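J.:
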Amino acid sequence: MICISYSVNIAQTESRYSEITGRVRDFETNKPLAGANVVAMNTNYGAASNLKGKFEVKLPSGTYSIKFSMVGYEDLIIDN
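Here our numbering is used: the first residue of the sequence shown is 315, the next is one more, and so on.
Right, here's the structure in full:
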């Protein structure tokens, strides 16, 4: 089974907003995954990882479930 390895950093950029940044990598090879979707579930906030696997999502401060997905990989959901 293949899954996505991830790291996430959360920083408050303004009093009402937070920024989630991180990298998406293949669990087995540790290579960056470009084009992985990173979405705050039940919102319109999300991003795709760049060529280095990096992503950045700015969203209102709060509690979210973050979904990582990419064709050929098992989805990963992180509850915050």
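All C-beta atoms in this analysis are idealised placements derived from N, C-alpha and C, irrespective of residue type, glycine included. Nothing here was measured: the structure is a model prediction, and the numbers come from that model.
#1: Would you give the residue range spanned by the beta strand (DSSP E) that Asn351 belongs to?
#2: So if DSSP puts Val397 in a beta bridge, which residue, or which two residues, is it bridged to?
#3: Rounded to whole angstroms, what is the Cα-Cα separation between Ala350 and Asn358?
#4: Between which two residues does the beta strand (DSSP E) holding Ser363 run?
#5: How big is the Cα-Cα spacing for Val352 and Ser332?
T.: Inspection of the coordinates gives the following:
#1: The residue you call residue 351 lines up with position 37 of the sequence shown. Segment 351-354, the beta strand (DSSP E) holding Asn351.
#2: Examination of residue 397 is not possible in this model, given that the chain is present from 315 through 394 alone.
#3: Counted from its first residue, the sequence shown places residue 350 at position 36. Counted from its first residue, the sequence shown places residue 358 at position 44. Roughly 16 Å separates the two Cα atoms.
#4: Here the question's residue 363 lines up with position 49 in the sequence shown. That residue, Ser363, is in no beta strand (DSSP E); it is neither H nor E in DSSP.
#5: The sequence position of residue 352 within the sequence shown is 38, counting from 1. The sequence position of residue 332 within the sequence shown is 18, counting from 1. Distance between the alpha carbons of Val352 and Ser332: 15 Å.
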